[in-house]
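Following: one structure in structure tokens, then a few remarks.
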Amino acid sequence: MTRRYNRSRRPRKSQGALISKIAFAAVVIFLAALAIYAGKRIQSESETTTGVYNSDSLLAVVTPPDLPALTVDYEGFTVSFNTRMHVPNYVAWELTADEAAATEVTRNSAKFRQDTAVDGCPTTDDYRNSSFDRGHMCPAADMKWSRKAMDDCHYLTNIAPQTHKLNGGPWQTVEANCRKWAERDSALIIICGPILTDRLTSTIGDNGVIVPERFFKVVYAPYANPPRGIAFILNNFDTTGGAQAGATTIDEVEAITGFDFFSALPDDIENKIESESNYQLWQRLKN
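In terms of our numbering, the sequence shown opens at residue 1 and continues consecutively.
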């Protein structure tokens, strides 16, 4: 089952006289032609531009056809849930500068809970006394702009078993960095999850929730000039070196996971941002 949430709701157009319809159609044609011209002009002025920015296309991930996956659209993020391993394949969201800086809601009243509409979703009992943290993929601190988004990110479809050393260490550092970078760069596209192609044998709970050995996070700044990317692969058990030691390329994450990120981008931009891994540059850049 897939839940859909649409942030924008457009009113129905009213019926008018024939002359109004003709005039409206003429305006639409003119504006469409103008948009096409403007788009071509933008692309001719800068080879690094993404053209017309479409966050939905950038959030799309191409996955292997045999991957068990149930897509669930929550408010503010999308989960591809692995119904066999009981953890996400990946979680994707756009984090804008306003959302990163938001303080409207807190997580105090939010509770971890099973999403009963999703087959294979764990229960809170699966994590109880397991010694593992309930590790957010889309973090609660990114969802302070909406009460519903905050509540939704506590569904266990958005969670995977993490050691406290990872969850409270490098993973948390990368999350905080992403909020800082989103405020600086206007918005980020973030996709993360457990690496499920490793040889995984440990589980927790009666439902057999898989315990990942490693986690990935890919980050793309589409509004930066020029656009840039970075990725992280972080070990669930050995956190030596922290976040910086986990910095890598998006290409490397694709090779390990079998996923294809940002395929909607022009090839020259995709190839460039997916080959970058300059953590110091991301940290050094200012507003």
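Every residue gets a Cβ at the ideal spot worked out from N, C-alpha and C, and that includes glycine. Keep in mind the model is a prediction, meaning the values are calculated, not measured.
Review point. So what's residue 94 in DSSP terms, helix, strand or just coil?
Key: In this structure, residue 94 counts as strand in the three-state DSSP scheme.
Point to revise | Element boundaries [beta strand (DSSP E), containing residue 78] | key: 77-82
Review point. Which same chain residues, not among the five before or five after residue 278, have their C-beta less than 6 Å away from its C-beta?
Key: none
Check your understanding: For residue 250, does the three-state DSSP call read helix, strand or coil?
Key -> Three-state result, residue 250: helix.
Exercise for review: Could you say which of 138, 124, 139 lies nearest to residue 132 if we only look at CA atoms?
Suggested key: 124
Exercise for review: Under 8 Å by Cβ, that's how I've got residue 188 and residue 219 pegged, so tell me the actual separation to the nearest angstrom.
Suggested key: So it is a contact: roughly 6 Å between Cβ atoms.
Review point. Which value, in whole angstroms, describes the spacing of the CA atoms of residue 110 and residue 155?
Key: Taking the Cα positions, residue 110 is about 10 Å away from residue 155.
Check your understanding: Do residue 137 and residue 192 have their C-beta atoms closer together than 7 Å?
Key -> Going by C-beta atoms, residue 137 is nearer than 7 Å to residue 192.
**Study point:** Proximity winner among 284, 143, 148, 250, relative to residue 61 (alpha-carbon distances)
**Key:** 250
Point to revise | Cα-Cα separation, residue 49 to residue 237 | key: Confidence at residue 49 is low in this model, with a pLDDT of 42, below 50, so its placement is unreliable and the value that follows should be read with caution. Each residue's Cα considered, the two are about 39 Å apart.
Review point. Thinking just about the alpha-carbon of each residue, which of 141, 213, 114 is nearest to the one in residue 174?
Key: 141
Exercise for review: For the alpha helix (DSSP H) containing residue 283, list its first residue and its last residue.
Suggested key: 279-284
**Study point:** Range covered by the beta strand (DSSP E) that runs through residue 124
**Key:** From DSSP, residue 124 is part of no beta strand (DSSP E) but of the alpha helix (DSSP H) over 124-127.
Check your understanding: How would you label residue 271, buried or exposed, when you count the other beta carbons within 10 angstroms and need 16 or more for buried?
Key -> exposed
Point to revise | Within 7 Å, strictly: CB atoms of residue 232 and residue 247 | key: yes
**Study point:** Buried/exposed call for residue 202, threshold 16 Cβ in 10 Å
**Key:** exposed
Review point. Cβ atoms of residue 182 and residue 97: under 7 Å apart, would you say?
Key: yes
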